[in-house]
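So the structure is just underneath, and the comments pick up after that.
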Amino acid sequence: MESQKAETVTQDATNTKALHGVSSMVTVIELDSHSAPRTQLTDYEQNSESTLDVNISSPGQYSMQLDEVQPTRNQAPPRLDSEVSAAVQVLRIIESYGQHKDISYQWKGIASYAPIVATQIRAGKPVRILFTGFGFKSPLVLGRLPDLGEKLALAHLDGLCSNIATVYEVGAEVHVCSDGLLYNDLFSVSDQTVRCYVEGLRQIVDTNELRNIHIMEAGGSPGRELVSHGFPPRDYSGSRTTPANVNVQPSLRTRQRTYMSAIIAKETSYVHLTSYDTTISPGSDVLTVSLLPQEAAALSLAPWESVVVIENDGRYRTTAVNEVQDNEAYEVVLGISGAPSHYRAKADMWDWKDDGTDVTFEHLYPTGTIIRPGSSYTGNAPSIQALPMRKVRKLAQNFSPIVLRGFSETTNEDYFLAKGNELGEILTWTFGQILKVKDTGEVDKNANNVTSNEAMPMHFDGIFKFIDTVDPVTGEVKKVMTPPRYQYFTCLSTAPKGDGYTLFANSHLFFQNLPSPFTLERLEKATWSMVNDGFWSAKQTGLPLVVRHKDTGAACLRWHQPWTETNFSKYYIEIENDEAADELVSIINRLVYDYRVCLRFEWEQGDLLINDNVSMLHTRTAFAGACEREMWRIHFD
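Structure representation (structure tokens):
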């Protein structure tokens with residue numbers, strides 16, 4: 001496809017494939033015991049190695065030499081006149097992750113980092129980002145190992161790199177520098193505990209295939225003493241010699257500020273990010289970012305010093321553990337390892353034991369939930385027939401998509417249909433109640449693109465479903481759009497790994513990340529029109545851009561992406577009544593694919609999936625025509 005509109009999804013599919021093809025890398029910082037300790041960062045990659053040497057002569061004084069950056073093999077560097085422009089686009093994306101109370105904040109780092117990023121783009125190398133933090137778990141949280149908070153935070157940073165890849169194909173790397181060994185003695189946290197925490201971070205990266213994230217470990221005993229500036233000595237087993245009643249915050253802040261000042265002042269090959277507040281982060285070039293999904297301009301605690309709380313409206317928030325541990329409205333949820341992971345607001349929809357089913361819930365970033373059989377099942381997996389579908393429906397309203405994975409008999413057509421009837425009232429179409437979605441091989445304007453292998457636009461189902469309504473005053477008959485409220489899928493066969501993704505865009509996250517000057521209130525006044533030819537030939541005007549959810553009252557985006565370069569029906573979309581109509585169309589089309597808003601879901605055979613068709617938009621990437629990818633779909637109200 002040639003057009004920019006069609007390339008949005010095509011490029012997205014390309015980026016997703018690239019994400020799964022990048023070699024993983026671990027970088028370790030070690031400080032030896034010489035008078036001038038040396039830190040060596042080694043990138044272990046296939047057939048390549050680069051090193052970064054750091055000589056520390058005194059606190060806050062570093063000298064560094066980075067191996068010359070070389071272009072990626074077989075890749076031509078971009079044109080010179082485009083490099084600075086591309087660098088600014090990259091930095092604008094990074095800026096959008098900033099955490100500031102003042103939404104009018106302008107990041108000064110764009111000017112200072114633009115030459116650095118432009119150099120990396122010229123060389124055809126990933127943009128390098130250094131994030132300082134992830135030291136160790138505070139003694140006042142749920143446990144000593146990473147939990148849901150770190151999983152969401154690392155996925156958030158990985159999504160930053162993927163968003164950068166939409167404007168610079170090579171993308172970016174975030175090097176997470178765990179600084180716990182610089183100050184763990186102040187909190188009676190042993191070196192071994194810090195190293196176990198860092199290893200837990202690496203396991204999250206590996207398990208979740210966050211291949212843009214590289215975990216580094218900063219410090220060592222001599223290095224810690226160098227940044228302590230005369231604070232009480234410590235033994236090198238990691239025990240604290242400071243009395244328990246002494247306020248350690250001044251010492252902590254001094255060590256963090258000294259360390260960051262040294263790194264930032266002398267290391268010029270990275271864009272520097274942190275979650276530290278501005279009293280620690282030296283200079284205006286360092287961007288303080290939030291690591292967890294949050295409301296615009298809201299401040300959140302770092303995951304290593306807080307707990308994640310999941311509210312029943314689908315929001316994630318962070319708080320101090322003492323704010324919820326004695327609150328009867330919340331419960332502790334265990335992770336896969338059996339260790340405490342997060343808190344969750346109590347609700348009947350989470351309790352399946354009364355229904356005779358033991359399950360676990362995995363919350364995805366940025367949206368979605370996977371439900372699996374619990375550990376009590378040692379033999380055959382429980383059948384689809386055991387699933388409490390009314391609870392699944394309730395969960396789907398705020399936690400879509402809901403994926404039921406690992407259950408048996410999910411591709412039995414009779415059972416699939418029966419469970420659909422438990423979910424709600426099944427809609428009947430011209431083809432019946434179940435659409436069997438697979439590539440028919442038809443390439444014709446009057447064929448249905450749903451049953452092809454072509455990428456699809458971001459949309460909601462049922463844009464052509466109308467009912468006749470009678471005006472009670474005038475008696476006039478009007479056609480009113482009535483899209484189905486939910487989709488229900490089962491997966492019979494998948495595309496090859498890394499292909500055939502289904503994408504889900506969350507309305508709440510869309511409005512949470514909507515850039516100024518656009519607001520929810522402004523979008524609620526907007527309407528749009530659609531002209532369509534081919535299989536779905538129609539013309540519609542006055543369509544609301546925002547609708548309210550019937551059950552939750554939440555604002556929901558109602559949109560169909562413009563789509564003209566296709567073998568099937570073409571969609572011409574316009575905003576009708578906003579002074580910045582073209583800009584708004586562009587922003588919507590970009591933001592619904594933003595990694596803070598949109599889940600890239602990879603199917604497994606036997607998956608059941610239930611999705612709220614009002615609060616969520618969805619689409620799919622293209623997939624190989626020769627594969628046997630097949631889904632069955634039911635719509636229900």
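In the UniProt record's numbering, the protein residues as written are 1 to 637.
We treat Cβ as the ideally placed atom computed from N, Cα and C, and that holds for glycine.
Q: Look up Cys556 in the DSSP assignment and give the residues it is bridged to.
A: The residue you call residue 556 lines up with position 556 of the sequence shown. Answer is Val547.
Q) Based on the DSSP output, what are the partners of Gln203 in its beta bridges? A) Taking the sequence shown and counting its residues from 1, one reaches residue 203 at position 203. The partner list for Gln203 (beta bridge, DSSP) is empty, contrary to what the question assumes.
Q: Grab the span of the beta strand (DSSP E) containing Phe466 for me, first residue to last.
A: For this step, residue 466 is matched to residue 466 along the sequence shown. Segment 466 to 470, the beta strand (DSSP E) holding Phe466.
Q: Less than 8 Å between the CB atoms is what I'm expecting for Ala118 and Glu83, so what's the real figure, rounded?
A: One-based indexing of the sequence shown puts residue 118 at position 118. One-based indexing of the sequence shown puts residue 83 at position 83. Indeed, because the Cβ distance is near 4 Å, the residues count as touching under 8 Å.
Q. For Tyr259, which three-state DSSP category applies?
A. One-based indexing of the sequence shown puts residue 259 at position 259. Helix at Tyr259.
Q: May I have a chain-ordered list of the beta strand (DSSP E) segments no shorter than 3 residues that lie completely inside the segment 333 to 409?
A: 340 to 345, 359 to 363, 369 to 373, 402 to 404
Q) Taking one C-beta from the segment 144 to 163 and one from the segment 359 to 375 each time, how about it: are there three or more such pairs within less than 8 Å? A) yes
(Q) According to DSSP, simplified to helix, strand and coil, what is Ala505? (A) Against the sequence shown, residue 505 aligns to sequence position 505. Of the three classes helix, strand and coil, the one that applies to Ala505 here is strand, per DSSP.
Q) Under the rule that 16 or more other beta-carbon atoms within 10 Å means buried, what is Thr519, buried or exposed? A) Sequence index remark: in the sequence shown, residue 519 carries index 519 (1-based). That one is exposed.
Q | Close-in-space but distant-in-sequence residues of the same chain around Met389 (CB under 6 Å, 5 per side omitted) | A | Along the sequence shown, read from residue 1 onward, the residue named residue 389 stands at position 389. Excluding positions up to five away in sequence, the list reads Lys419, Glu422, Leu423.
Q.
Taking 8 Å as the threshold (C-beta atoms), are Trp352 and Lys391 in contact?
A. By one-based count along the sequence shown, residue 391 stands at place 391. By one-based count along the sequence shown, residue 352 stands at place 352. Yes, the pair counts as a contact, with Cβ atoms nearer than the cut-off.
Q. Would the beta-carbon of Ile587 fall within 8 Å of that of Pro517?
A. Residue 587 sits at position 587 when you count from the first residue of the sequence shown. Residue 517 sits at position 517 when you count from the first residue of the sequence shown. For Ile587 and Pro517, no; Cβs fall outside 8 Å.
(Q) Between which two residues does the alpha helix (DSSP H) holding Ala418 run? (A) Here residue 418 refers to the residue found at position 418 of the sequence shown. Unbroken alpha helix (DSSP H) run through Ala418: 413 to 423.
Q) Under 8 Å, do Val289 and Tyr97 count as touching if we go by C-beta distance? A) Sequence index remark: in the sequence shown, residue 289 carries index 289 (1-based). Sequence index remark: in the sequence shown, residue 97 carries index 97 (1-based). Yes. Within cutoff.
Q | Test item: CB-CB of Ile370 and Arg393 under 8 Å | A | As a position in the sequence shown, residue 370 is number 370, starting the count at 1. As a position in the sequence shown, residue 393 is number 393, starting the count at 1. Cβ distance not < 8 Å, so Ile370 and Arg393 don't count as in contact.
Q. Rounded to a whole number of angstroms, what is the C-alpha to C-alpha distance between Pro483 and Pro544?
A. For the purposes of this step, residue 483 is identified with residue 483 of the sequence shown, where counting begins at 1. For the purposes of this step, residue 544 is identified with residue 544 of the sequence shown, where counting begins at 1. Taking the straight line joining both Cα atoms gives about 13 Å.
Q.
Tell me which residues share the same chain as Asn74 and place their Cβ nearer than 6 Å to its Cβ, disregarding the 5 neighbours each side in the sequence.
A. Sequence index remark: in the sequence shown, residue 74 carries index 74 (1-based). Because the pLDDT of Asn74 is 36, which lies under 50, any placement of that residue in the model is unreliable, and the number read from its coordinates should be weighed accordingly. Cβ within range, chain order: n/a, list empty.
Q) Grouping DSSP H, G and I as helix and E and B as strand, with all else coil, what is Arg596? A) Counted from its first residue, the sequence shown places residue 596 at position 596. Three-state result, Arg596: coil.
Q) So what does DSSP say about Asp113, is it helix, strand or coil? A) Numbered from its first residue, the sequence shown carries residue 113 at position 113. The question names Asp, yet the displayed sequence has Tyr at residue 113. If DSSP states are grouped into helix, strand and coil, Tyr113 belongs with the helices.
Q. Do Pro146 and Tyr197 have their CB atoms nearer than 8 Å?
A. The sequence position of residue 146 within the sequence shown is 146, counting from 1. The sequence position of residue 197 within the sequence shown is 197, counting from 1. Yes, they are a contact pair.
Q) Can you name the start and end residues of the alpha helix (DSSP H) that Glu574 belongs to? A) Here residue 574 corresponds to residue number 574 of the sequence shown, with the count starting at 1. Premise fails: Glu574 lies in the beta strand (DSSP E), 571 to 575, not in any alpha helix (DSSP H).
Q. Can you pull the DSSP bridge partners for Thr490?
A. Here the question's residue 490 lines up with position 490 in the sequence shown. Its beta-bridge partners are Leu608, Trp632.
Q. How many angstroms separate the CA atom of Glu225 from the CA atom of Arg255?
A. One-based indexing of the sequence shown puts residue 225 at position 225. One-based indexing of the sequence shown puts residue 255 at position 255. Low confidence applies here, because Glu225 scores a pLDDT of 49, under 50, leaving its location unreliable and the question unanswered by this model.
Q: Measure the CB-CB distance between Tyr330 and Tyr316 and report whether it falls below 8 Å.
A: Counting from one through the sequence shown, the residue named residue 330 turns up at place 330. Counting from one through the sequence shown, the residue named residue 316 turns up at place 316. Not in contact: Tyr330 and Tyr316 (Cβ atoms no closer than 8 Å).
Q) Can residue 673 and Pro126 be called in contact, C-beta distance under 8 Å? A) Any property of residue 673 remains undetermined from this structure, which presents the chain solely from 1 to 637.
(Q) Taking a contact to mean a Cβ-Cβ separation below 8 Å, would you say Gln576 touches Ser615 in this structure? (A) Counting from one through the sequence shown, the residue named residue 576 turns up at place 576. Counting from one through the sequence shown, the residue named residue 615 turns up at place 615. A small correction: the amino acid at residue 576 is Glu; Gln does not occupy that position in the sequence shown. Contact: no.
Q) Mapping DSSP to helix, strand and coil, what is Asn532? A) Locating residue 532 in the sequence shown gives position 532, where the first residue counts as 1. Reduced to three states, the DSSP call for Asn532 is strand.
Q.
In whole angstroms, give me the CA-to-CA distance for Met216 and Leu334.
A. Position 216 of the sequence shown, counting from 1, holds the residue named residue 216. Position 334 of the sequence shown, counting from 1, holds the residue named residue 334. Answer to the nearest angstrom: the Cα atoms are 27 Å apart.
**Q.** The beta strand (DSSP E) enclosing Cys627, as first and last residue numbers
**A.** Position 627 of the sequence shown holds residue 627. No beta strand (DSSP E) holds Cys627; DSSP gives it neither H nor E.
(Q) Please classify Glu442 as buried or exposed, where buried requires at least 16 neighbouring CB atoms within 10 angstroms. (A) Counting from one through the sequence shown, the residue named residue 442 turns up at place 442. Exposed, since its Cβ has fewer than 16 Cβ neighbours within 10 Å.
Q. From Cys177 to Asn163, what does the alpha carbon distance come to, in whole angstroms?
A. In the sequence shown, counting from the first residue as 1, residue 177 sits at position 177. In the sequence shown, counting from the first residue as 1, residue 163 sits at position 163. Spanning the two alpha carbons is a distance of roughly 21 Å.
(Q) Quick check on Asn327: buried or exposed, where buried means 16 or more other Cβ atoms within 10 Å of its Cβ? (A) The count along the sequence shown starts at 1 and reaches residue 327 at position 327. Exposed is the call here.
Q: Starting from Glu217, follow the beta strand (DSSP E) in both directions and report where the run begins and ends.
A: Sequence index remark: in the sequence shown, residue 217 carries index 217 (1-based). Per DSSP, Glu217 belongs to the beta strand (DSSP E) from 213 to 217.
(Q) Between which residues of its own chain and Arg522 is the CB-CB distance below 8 Å, once the five residues before and five after are set aside? (A) Indexing the sequence shown from 1 puts residue 522 at position 522. Contacts found: Asp578.
Q: Quick one: grab the DSSP three-state call for Tyr197.
A: The residue you call residue 197 lines up with position 197 of the sequence shown. Helix, per DSSP.
Q: Could you please give me the residues that DSSP links to Thr564 through a beta bridge?
A: Position 564 of the sequence shown, counted from the start, is the residue given in the question as residue 564. None; Thr564 has no bridge partner.
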